[in-house]
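Just so we're aligned, residue 6 is where the sequence shown starts under our numbering, counting upward by one.
The block underneath contains the structure these notes are about, expressed in structure tokens.
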Amino acid sequence: MSLSIGTRLGPYEILSALGAGGMGEVYRARDTRLDRDVAIKTLSAAFAADAERVARFQREARLLASLNHPHIGAIYGFEDAGDVSALVLELVEGDTLDDRVRRGALPLPGALAIAQQIADALDAAHGSGIIHRDLKPANIMITPDGVVKVLDFGLAKAQAVEGAALDLSQSPTMTADGTSAGAILGTAAYMSPEQARGKALDKRTDIWAFGCVLYQMLTSRLAFHGETLSDTIVAILEREPDWTVLPVATPSAVRRLLHRCLEKDPRRRLRDIGDARHWMDEGATGEAGLGTAASRFPRRRLAWLLGAVALASAGAGWLLRTPPTEAPARSVQLRRLTDFVGMEESPAIAPDGKVVAFVARAGSKRQIWTRLLAGGPPRQLTSEETDHEQPRWTPDSSSLIYYVPSATPGEHGTIWEISAFGGEPRRVASALGGGDISHDGRRIALFRFEDKGTALVLVTRDGSGRDEVKHVPPNSQYDYPRWSPDDRWIAFQQDDLAGFNKRIVIVPAAPGGDPQEVARGADLGGVSWLPGGSGVVYSSSSGSTVLYPPTFNLRAVERDGTGDRQLTFGDVSYREPDVHTSGTLTASRSRMQSDIWKFPVNGSPAENTRRSVRITHQTGQAQTPSVSPDESEVVYLSDSGGHGNLWIARTDGSGVRQITFEQDPAISVGVPVWSPAGGQIVFL
């Protein structure tokens, strides 16, 4: 029902029209009693003629009046004057979130700040038994002070949609029967699958819409869309959002939150919006997380998709809290420094303790990046169309050296030096891998081929002096040369090409003196000196309870090879340690996560992917699946309990149970196979 400007509705003077929707029109009005501006939302003529709709409108007005929260648009009252029925609402000045996202994606901190306030509003409403049913950017206001107000709780629109050429993010709702089965109350682009199917709703439908809104804030795109309403509903029911358009630096915790919110099966969806705040806090502080990748595993008439991930977050800042000459303490403080998607490697703290350099992909190539330890966005330092690896700082923190591998495997690559502020790099020397600068800034230790085979070579940084050659044993590969704090020793990693032995070796930097092995393992992942030079910290797979891929833990050993001890434990790997003189240690941290999926093989690749079903939801690895003869169950190996054991699940993902309970690190369990009759399982 329309109202004329200048007229009154009870004590409210109508000042201007603000907009219109499927349920009615909205006006700016003046409350002449309290001398404040308010919003008046009226019922449309078609709506007002429907007694059931009017009753619902009044019922929800009473419910909404019970909500009193700083992030929920308040309801002040209900006016029913003659043929006009209207809600009196808080007038919220500012932009809608829809206006914001139409101008482009929001920066991560801003998006999370808005999402936190939306989650607070939903949490308060859900606690009062109220669900929104129509959460979308157009119903979210942002004041000039940055305060978020969620509007229209419970007031899902009721105007039928006609035609196909629609802005689906603004599509009005098609019916208005509350949360009863058969109702479809959400705006099309933000409807949950159960909402699209007309099923009964609960608070998880708002959690789905929250995920859609957060995705749109980060990408400025709809999570689900199509040219018509039907196309959009098909996308909601059958397709995944395009996860590749999320910004590269989106924290993995935020990615996991989006996946949990946008689970099509409400039973597997995030159950409480209050939990979302934990994930966003984790994302805002850059704490732990994982991404996903996948590979196919075919079997019989079904195909099984085993998705595996290894996301290494460079710079999980380990604070050792030790005097320079002592062994590292067990009490540590962890802080994540980077949150790219993919591998982040080779962290190195600048000597001034203010910046960390690391390697991460930019496009298809690995590049050198830097980031302030105090916070702020990462900065890409190199950009040439080739890989850049193993950054190491000069003593004054003004520049770095890095390694560019040869395009031909087995040939020398090159070491370059570049200013910490960027610019043109300078070629330093040829090498077989990364180098390290002495603490006096004069020499670089590196490996390369010499007349008698591979050698540890000490080259002058400015090219003015003669190369010093220290021959090392043949038939080995060498990496991670590291100067001791006093420049008297060089530690490095030696990998035997003829076997599986890998060693940490220390050799005097001065002429003479024999290399000394101080540690060995089946697989090693880098070495760094302890403050004071009493020993080294190194990464080793020794003690891993997982056969493949093994976890890497940090260990420390004295310079004479004594006192070897393990520093980290669990199913998280730490590689490429770098210890600062202050005792802060950075490392590349990773954890494998994989799941079992099933998908048909008789359709197109796109169709098969849309119809895939996730069977497991692991915090660790699920692998080597075997399907029962009747195809009702799958047995697989999982390390979610800390040790690899066999688990069984039904092929619809239900009935998950553990069937072996091995805990001995010396015993491995794996490769299960069902017997032909299905009554037994054989495994290695």
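Don't be surprised by glycine CBs; every beta carbon is placed ideally from N, CA and C.
**Item:** Buried/exposed call for Ser9, threshold 16 Cβ in 10 Å
**Value:** Ser9 comes out exposed.
**Asked** Under the three-state reduction of DSSP, which class applies to Ala25: helix, strand or coil?
**Response** Strand at Ala25.
**Item:** Extent of the continuous beta strand (DSSP E) to which Asp42 belongs
**Value:** 41-47 is the span of the beta strand (DSSP E), which, as asked, contains Asp42.
**Message:** Going by DSSP, what residue range makes up the beta strand (DSSP E) through Gly82?
**Reply:** DSSP places Gly82 inside the beta strand (DSSP E), whose first and last residues are 80-86.
**Request:** To the nearest angstrom, report how far apart Thr629 and Glu243 are at their CA atoms.
**Result:** Their backbone Cα atoms lie some 27 Å apart in a straight line.
**Request:** Mind checking who Asn650 pairs with in its DSSP beta bridge?
**Result:** Its beta-bridge partners are Ser643.
**Request:** Provide the residue(s) that pair with Tyr718 in DSSP beta bridges, ordered along the chain.
**Result:** As displayed, the chain neither begins before 6 nor continues past 689, which places residue 718 out of reach and without an answer.
**Cβ contact check for the region 583-595 and the region 352-366: 3 or more pairs under 8 Å** = At 8 Å Cβ cutoff, the stretches touch.
**Asked** So Gly531 and Arg570 are in contact, right, with Cβ under 8 Å, and what is the actual spacing, rounded?
**Response** Gly531 to Arg570, Cβ: 17 Å. No contact.
**Prompt:** Got a sec, what are the start and stop residues for the beta strand (DSSP E) Pro582 sits in?
**Reply:** Element bounds for Pro582: 578-584.
**Asked** Using DSSP with H/G/I as helix, E/B as strand and the rest coil, what is Phe215?
**Response** Of the three classes helix, strand and coil, the one that applies to Phe215 here is helix, per DSSP.
**Request:** To the nearest angstrom, report how far apart Arg376 and Gln385 are at their CA atoms.
**Result:** Computed Cα separation, rounded: 9 Å.
**Asked** Which residues does DSSP pair with Trp248 in a beta bridge?
**Response** According to DSSP, which records beta bridges pairwise, Trp248 is partnered with nothing at all.
**Message:** Can you find the residues in the same chain that come closer than 6 Å, C-beta to C-beta, to Gly427, ignoring five residues on each side of it along the sequence?
**Reply:** In the same chain as Gly427, and ignoring 5 residues on each side of it, the C-beta atoms closer than 6 Å to its own belong to Leu386, in chain order.
**Request:** Grab me the residues of Ser21's own chain with a C-beta within less than 8 Å of its C-beta, minus the 5 sequence neighbours each way, in chain order.
**Result:** Taken in chain order, the residues that qualify are Ile10, Tyr32, Arg33.
**Message:** Three or more C-beta pairs under 8 Å: does that hold for the region 248-264 against the region 83-98?
**Reply:** In this structure the region 248-264 does not lie against the region 83-98, because fewer than three pairs of beta carbons, one per stretch, are closer than 8 Å.
**Message:** Using CA atoms only, rank isn't needed, just tell me which of Ile406, Gly82, Leu23 is closest to Ile423.
**Reply:** Comparing C-alpha distances from Ile423 to each of Ile406, Gly82, Leu23 shows the shortest one belongs to Ile406.
**Item:** Segments assigned beta strand (DSSP E), at least 3 residues, entirely inside the region 483-531
**Value:** Entirely contained in the region 483-531, the beta strand (DSSP E) runs reaching 3 residues are, in chain order, 494-501, 507-513, 521-526.
**Item:** Unbroken beta strand (DSSP E) run spanning Pro630, endpoints
**Value:** Residues 627-632.
**Request:** Tell me whether Glu638 sits in a helix, a strand or coil according to DSSP, three-state version.
**Result:** Reduced to three states, the DSSP call for Glu638 is strand.
**Prompt:** Going by the beta-carbon positions, is the gap between Met222 and Gln121 smaller than 8 Å?
**Reply:** Taking 8 Å as the cut-off, the beta carbon of Met222 is found no closer than this to the beta carbon of Gln121.
**Asked** Which one of Ser403, Ile119, Ser197, Leu117 has the shortest CA to CA distance from Ala446?
**Response** According to the sequence displayed, residue 446 carries Gly and not Ala. Taking each of Ser403, Ile119, Ser197, Leu117 in turn and checking the Cα distance to Gly446, the smallest one comes out for Ser403.
**Request:** Would you mind reading off the limits of the beta strand (DSSP E) that contains Leu689?
**Result:** Careful: Leu689 lies outside any beta strand (DSSP E) and carries neither H nor E.
**DSSP three-state assignment for Ile147, whether helix, strand or coil** = Residue state, collapsed to three classes: strand.
**Asked** Where do the N-terminal and C-terminal ends of the alpha helix (DSSP H) with His264 fall, by residue?
**Response** Per DSSP, His264 belongs to the alpha helix (DSSP H) from 257-266.
**Thr614: first and last residue of the uninterrupted beta strand (DSSP E) it sits in** = Per DSSP, Thr614 lies in no beta strand (DSSP E); the unbroken alpha helix (DSSP H) holding it starts and ends at 610-615.
**Item:** Through-space distance from Asp401 to Thr4, alpha-carbon basis
**Value:** The chain is shown from 6 up to 689; residue 4 falls before or after that span and cannot be answered.
**Asked** In terms of residue numbering, what span does the beta strand (DSSP E) encompassing Pro396 cover?
**Response** Counting along the chain, the beta strand (DSSP E) containing Pro396 begins and ends at 394-398.
**Message:** Within a Cβ cutoff of 7 Å, which residues of the same chain sit near Gly526, ignoring the five residues on either side of it in sequence?
**Reply:** Lys507, Ser545, Ser546, Ser547, listed in sequence order.
**Prompt:** Looking only at C-alpha atoms, which of Ser595, Pro430, Leu451 sits nearest to His417?
**Reply:** Measuring from the Cα of His417, the nearest candidate turns out to be Leu451.
**Message:** Tell me which residues share the same chain as Ala654 and place their Cβ nearer than 8 Å to its Cβ, disregarding the 5 neighbours each side in the sequence.
**Reply:** So the qualifying residues of the chain are Ile601, Ile620, Thr621, Glu638, Val639, Tyr641, Gly660, Val661, Arg662.
**Beta-ladder partner(s) of Thr101, from DSSP** = Note: Thr101 sits in a beta bridge opposite Met146.
**Prompt:** Quick one, are the C-beta atoms of Leu48 and Phe62 less than 8 Å apart?
**Reply:** Yes. Within cutoff.
**Request:** Take Gly704 as the anchor and find which of Ser481, Ile420, Thr101 has the nearest alpha-carbon.
**Result:** This structure cannot settle anything about residue 704, because the visible part of the chain is limited to 6 through 689.
**Prompt:** Near Glu563, which residues of its chain fall below 7 Å by C-beta distance, leaving aside the five closest residues on each side in sequence?
**Reply:** Cβ neighbours of Glu563 beyond the five flanking positions: Ser539, Gly540.
**Request:** Answer yes or no: do Ile136 and Ala130 have a C-beta to C-beta separation smaller than 8 Å?
**Result:** If you check the CB distance, Ile136 and Ala130 come in under 8 Å.
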